[in-house]
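J.: Residue numbers (our numbering): 5 to 575.
Here it is, the structure in full.
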RNA sequence: CGGGGCGUGGCGCAGCCUGGUAGCGCGCCUGCUUUGGGAGCAGGAUGUCGGAGGUUCAAAUCCUCUCGCCCCGACCA
């Protein structure tokens, strides 16, 4: 492509709203422009990168035996009412009416549509298994779109759905997709980690996320330093304490005037936070419950919600806390609650002895408190968020370490969560009608683009890996008034193009410095600089965007040499 | 949803407190010079100051409402 004939509007300064590197460089580099919050136009460069990602995904999905389809973005409400998600999905589901007043949604995901398709056209075990995928625009009316393509409202997603006669076969496909995803993200040149994940409002019973490791990631992860265990903190499990401590003290009330927080009580009483137990009052589907975790720990509401088998879990208001405990916020404890509510006790607290809790009275705490002696929990369980340094639950020696990541893909084993309510059934060999076992598998196509930049940039701009680069080679024509320079540039551009290389030919009437700066900003992996001096000596200069070495190569061999190096890195 | 902040030419900003009819840098256009890391000089174009209402002789500036956008939080006793 001749740069003079396309639209690559680079900027010296980025809009002030762009903060993360991927957003800044995509705007500055002329890849992307914002249309509304979380909604973007892809300019020629941006769209080329998206298409490269899509190509890798298609090749690998097809290779894995999946078939591409294209489902509608606009979906009638009936399908969502049938699955129950019309009511469950909440405000992120963009709903609207057509001219006749019929309710529709813009698809944030497509389990309903695919289920409707498969139930009407798949009748027999002979038609299974089946894996259908599409690459399509989704819309989720996010609470808070942010960071450019990292969390948009409109975005491109690859979603795949598989259907199976039994759980074994669904599991086989799950594993196959897991491996396929590893291949896809590897080919994209990403450093990533597959982690165990919560199934969220997609549902199902087994799930892994593929997280690109980078500091600007939205998700918190932990990974073991000894085994391959890694998980989203929403899900991560630490090894519970092995030996319970022995109770040796009697429960005793101590004054703690004005000491509300764990930190205050800890320093006031001279007791470490690890010997304090905090008591949180939640409203679980409207019913108050008390949850106990160690003072230095955080309750994991996702684990708690799952354990309590409730859909709505809210921290109680100050007024509700007063009602349940009889004391202001800051002095709640499991002993002597004003209203008896179920008490859920974290495993760490179960193993603790002689700890400190709130006294359910203003300005007082209890010390020397022990489970069973002083109160009887309703249940024990893992209700806390795993933290840096925790012992790994999966191996004997490892410890968990915190990371941040950008989720670029997730695979789910769904079982019959959708097939049952949606009536996706088939006639099995034994003549019985059975619900299909399902899996679903998503990849954030546009998010991969952002994640790749987060992982591959420097102060001057993007540093694309060859497989995702919008162009593989930049040909910089450094002088506009020199016929030899122009002829040589054109020759190399044409030779490389003929060899099937993606070339961006900077033939603009700009000074050399501008061309160098733009090539760096855009991030093209190979740069051929063609200047007066070099051409006079019969050479051009080759430089990698990710290196500093400048190689002089003879003009007649230049194209073949560069083409070979590019092809070697395509994967 | 809670908190904070911002809307002034394509981009980045100043002006607002203390009302007097809009300015700077980049970019853009023209010309000359320049030409290997975002050139120099000269000339030029571009603004319903987010929108509506109000106060006032006078509003970018003060007041009210509203819309849009960004950041943080939604883990706490």
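All C-beta atoms, glycine included, are put in the ideal place defined by N, C-alpha and C.
Within 10 angstroms of the Cβ of residue 202, are there 16 or more other Cβ atoms? Answer buried if so, exposed if not.
T.: Burial call: buried.
J.: In chain order, what are the residue ranges of uninterrupted alpha helix (DSSP H) at least 4 long that sit wholly in the stretch 471-545?
T.: Taking only runs of at least 4 residues, the alpha helix (DSSP H) segments lying wholly in the stretch 471-545 are 487-502, 516-526 and 536-541.
J.: Identify the continuous alpha helix (DSSP H) that holds residue 48 and give its terminal residues.
T.: Looking at the DSSP string, the run of the alpha helix (DSSP H) that includes residue 48 is 48-67.
J.: Around the Cβ of residue 118, are there at least 16 other Cβ atoms within 10 angstroms (buried) or fewer (exposed)?
T.: Classification for residue 118: buried.
J.: In three-state terms, what does DSSP make of residue 221?
T.: Correct three-state label for residue 221: coil.
J.: Going by DSSP in three states, residue 413 sits in which element: helix, strand or coil?
T.: Of the three classes helix, strand and coil, the one that applies to residue 413 here is strand, per DSSP.
J.: If residue 163 sits next to residue 441, beta carbons under 8 Å apart, how far is it from one beta carbon to the other, in whole angstroms?
T.: In fact, because the Cβ distance is near 18 Å, the residues do not count as touching under 8 Å.
J.: Report the start-end ranges of each alpha helix (DSSP H) in the stretch 426-464 that is 4 residues or longer and not cut off at the edges.
T.: DSSP runs (the alpha helix (DSSP H)) wholly in the stretch 426-464: 449-459.
J.: So what does DSSP say about residue 236, is it helix, strand or coil?
T.: The answer is strand: DSSP assigns residue 236 an E or B state.
J.: Jot down the residue ranges of each uninterrupted beta strand (DSSP E) in the stretch 7-54, minimum 3 residues, whole runs only, in chain order.
T.: Qualifying beta strand (DSSP E) stretches, in chain order: 36-40 and 43-46.
J.: At 4 residues or longer, and completely inside the stretch 64-119: list those alpha helix (DSSP H) runs for me, N to C.
T.: Counting only runs of 4 or more, we get 81-87 and 89-92.
J.: Provide the residue span of the beta strand (DSSP E) that contains residue 135, from first to last.
T.: Run containing residue 135: 134-143, per the beta strand (DSSP E) assignment.
J.: Should residue 510 and residue 5 be called a contact, given that it needs their Cβ atoms to be closer than 8 Å?
T.: Cβ atoms of residue 510 and residue 5: not closer than 8 Å.
J.: Can you tell which of 534, 52 and 323 has the C-alpha that lies nearest to the C-alpha of residue 487?
T.: Nearest C-alpha to residue 487: 534.
J.: Kindly list the residues whose CB is nearer than 6 Å to the CB of residue 221, restricted to its own chain and excluding five residues on each side of it in sequence; keep chain order.
T.: Contacts found: 408, 409 and 410.
J.: My assumption, with CB atoms under 8 Å, is that residue 312 sits in contact with residue 297. Please give the rounded CB distance.
T.: With a Cβ gap of about 15 Å, residue 312 and residue 297 do not count as contacting.
J.: What is the DSSP secondary structure of residue 259, counted as helix, strand or coil?
T.: Of the three classes helix, strand and coil, the one that applies to residue 259 here is strand, per DSSP.
J.: Would you check if there are 3 or more beta carbon pairs closer than 8 Å linking the stretch 69-84 to the stretch 136-156?
T.: Segments in contact, yes.
J.: Quick one: give me the first and last residue of the beta strand (DSSP E) that residue 344 is part of.
T.: Segment: none, residue 344 is in no beta strand (DSSP E) and carries neither H nor E.
J.: When the Cα atoms are used, what is the spatial distance from residue 252 to residue 358?
T.: Answer to the nearest angstrom: the Cα atoms are 7 Å apart.
J.: Using a threshold of 8 Å, state whether the C-beta atoms of residue 451 and residue 154 are closer than that.
T.: Yes. Within cutoff.
J.: Between which residues of its own chain and residue 394 is the CB-CB distance below 6 Å, once the five residues before and five after are set aside?
T.: Here the set comprises 242 and 404.
J.: I'd like the list of long-range same chain contacts for residue 445, defined as Cβ closer than 6 Å, with 5 residues on each side in sequence excluded.
T.: If we look at residue 445 and ignore the five residues flanking it on each side, its Cβ neighbours are 164, 181 and 415.
J.: Between 341, 24 and 63, which has its C-alpha nearest residue 459's C-alpha?
T.: When only C-alpha atoms are compared, the closest one is 24.
J.: Rounded C-beta distance between residue 364 and residue 335? I'm assuming under 8 Å.
T.: Right, their Cβ atoms sit about 6 Å apart.
J.: In whole angstroms, give me the CA-to-CA distance for residue 265 and residue 301.
T.: Whole-angstrom Cα-Cα distance: 13 Å.
J.: Within 10 Å of its beta-carbon, does residue 195 have 16 or more other beta-carbons around it, so buried, or fewer, so exposed?
T.: Flag for residue 195 reads exposed.
J.: Exposed or buried, residue 254, counting other C-beta atoms within 10 Å across all chains shown (16 or more means buried)?
T.: Exposed.
J.: Kindly give me the distance between the Cβ atoms of residue 379 and residue 343, rounded to whole angstroms, as I take these residues to be in contact under 8 Å.
T.: Their Cβ separation, rounded to whole angstroms, is 14 Å, which puts residue 379 and residue 343 out of contact at 8 Å.
J.: When you compare each of 89, 21, 479 and 431 to residue 512 by their alpha carbons, which one comes out closest?
T.: Checking every option, the nearest Cα to that of residue 512 belongs to 479.
J.: What are the boundary residues of the alpha helix (DSSP H) that residue 176 is part of?
T.: Here the alpha helix (DSSP H) through residue 176 covers 171-191.
J.: What does a CB cutoff of less than 8 Å around residue 61 pick up in its chain, not counting 5 residues either side in sequence?
T.: Result list for residue 61: 139, 162, 188, 447 and 449, in chain order.
J.: Roughly how many angstroms lie between the CA atoms of residue 261 and residue 271, to the nearest whole one?
T.: Distance between the alpha carbons of residue 261 and residue 271: 13 Å.
J.: Among the candidates 303, 237 and 482, whose CA atom is the shortest distance from the CA of residue 514?
T.: For residue 514, the nearest C-alpha among the options comes from 482.
J.: Would residue 70 pass as a contact of residue 178 if the rule is Cβ separation under 8 Å?
T.: Result no, Cβ atoms of residue 70 and residue 178 do not sit closer than 8 Å.
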